Amino acid sequence: MKKHFLTICIFSALAFGSISCSSDDNHVHQENKLEKFKGTWVGTFSGGDTGNWTATIDAAGKATGTVSSNSVASVNFVLTGNVTENGTINVSYSYSGEEVGTMTGTLTDKTGSGTWNSPVQDLDGTWTGTKN
């Protein structure tokens, strides 16, 4: 009987020892798919006009920055918009609170490209950029 009791004790200890709880068992880790776009981006645009743009994208996908045209010296347009989880970017740029144009395209974790359009100036073209 002592032999069976000892065997039962050993198996019980092994069974209870192999079951463990972790404080993370109920924690669901959600990956922020926008994190890869977070940072400072710089680029150029060409077509009906040429110039540079810069944008900072935060962890929520909000983009803010400036657009400067080579044909309109000393004017910085305000850039605002959003990036989606799949990398689609939609931003507008404005001057004195009035929207002048839009930029749309696609970002990867390091590069981006797309098109721009300024109905106010009747101009359009393409843009490219990289994340610093």
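Numbered by mature numbering (1 follows the signal peptide of the UniProt record, and there is no 0), the letters in the sequence shown go through residues -23 to -1, 1 to 109 in order. We treat Cβ as the ideally placed atom computed from N, Cα and C, and that holds for glycine. Predicted model only: the values in this text are computed from it and were never measured.
Here's a check: name, in chain order, each residue in its chain whose Cβ is nearer than 8 Å to the Cβ of residue i, leaving out the five neighbours to either side.
i	result
residue 103	22, 23, 24, 90, 91, 92 and 93
residue 96	78
Could you work out which residue in the options is closest to residue i when comparing CA atoms only?
i	options	result
residue 55	63, 10, 46 and 99	46
residue 63	71, 98 and 86	86
residue 74	53, 80, 60 and 66	53
residue 9	37, 67 and 33	37
Does residue i pass the burial test, meaning 16 or more other C-beta atoms within 10 Å, or should it be called exposed?
i	result
residue 5	exposed
residue 108	buried
Give me, in chain order, the residues of the same chain whose beta-carbon lies closer than 6 Å to that of residue i; leave out the 5 immediate sequence neighbours on both sides.
i	result
residue 48	26
Only counting runs of 3 or more residues, tell me where the beta strand (DSSP E) segments fall wholly within the region 23 to 103, in order along the chain. Segments of the beta strand (DSSP E) lying fully in the region 23 to 103: 28 to 34, 39 to 46, 53 to 60, 65 to 72, 75 to 84 and 88 to 95.
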